[in-house]
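Notes follow the structure.
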Amino acid sequence: MEISFKEFQKIDIRIGKIVEANYVIGSKNLIKILVDFGEIKKQAISGLLKWYKPEDLLNKLCVFVLNIKSRKV
Numbered sequence: 001m002e003i004s005f006k007e008f009q010k011i012d013i014r015i016g017k018i019v020e021a022n023y024v025i026g027s028k029n030l031i032k033i034l035v036d037f038g039e040i041k042k043q044a045i046s047g048l049l050k051w052y053k054p055e056d057l058l059n060k061l062c063v064f065v066l067n068i069k070s071r072k073v
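With the first letter of the sequence shown counted as 1, position 52 gets the number 52 in my numbering; the numbers rise by one all the way through.
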C-alpha cells in the first residue's frame, strides 16, 4: 500500500526514550512501556516480548508514530 506525500505529512513521527517497561500480566508477548518525548510522556503496549525483555528496552531511543488510533490488543 502506498500513501501520498500529503497523507505522509499528517503522520506524527517522533523519537522517544523508553523510561519504563513492564510485563503485561497474563500475556506471552506484550510489554507495557512508558515513553518520554520531552514535552509529554505516553504509555503504549507493544508485542515485543518474543524478542526483548522489558529491562532490555529501558533507556532505548525508538521511533514512534503518535497519532495512530488506539485499538484493543
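Virtual Cβ for every residue (Gly too), placed ideally from N, Cα, C.
Just so it is clear, the structure is predicted and the values come from calculations on it, not from any experiment.
> For Asn29 versus Leu49, is the C-beta distance shorter than 7 Å?
Replying inline: Here residue 29 refers to the residue found at position 29 when the sequence shown is read from its first residue. Here residue 49 refers to the residue found at position 49 when the sequence shown is read from its first residue. In this structure, Leu49 lies closer than 7 Å to Asn29 by Cβ.
>> Quick check on Leu34: does DSSP put it in helix, strand or coil?
In response: The residue given as residue 34 occupies position 34 in the sequence shown. Leu34 falls in the strand class under three-state DSSP.
> Which residues in the same chain as Arg14 place their Cβ atom closer than 7 Å to its Cβ, once the five residues preceding and following it in sequence are excluded?
Replying inline: Numbered from its first residue, the sequence shown carries residue 14 at position 14. The residues are Phe37, Phe64 and Leu66.
> So who's on the other strand from Leu61, going by DSSP bridges?
Replying inline: Sequence index remark: in the sequence shown, residue 61 carries index 61 (1-based). Note: Leu61 sits in a beta bridge opposite Lys17.
> From what residue to what residue does the alpha helix (DSSP H) around Lys6 run?
Replying inline: Locating residue 6 in the sequence shown gives position 6, where the first residue counts as 1. Where Lys6 is concerned, the enclosing alpha helix (DSSP H) stretches over Phe5 to Phe8.
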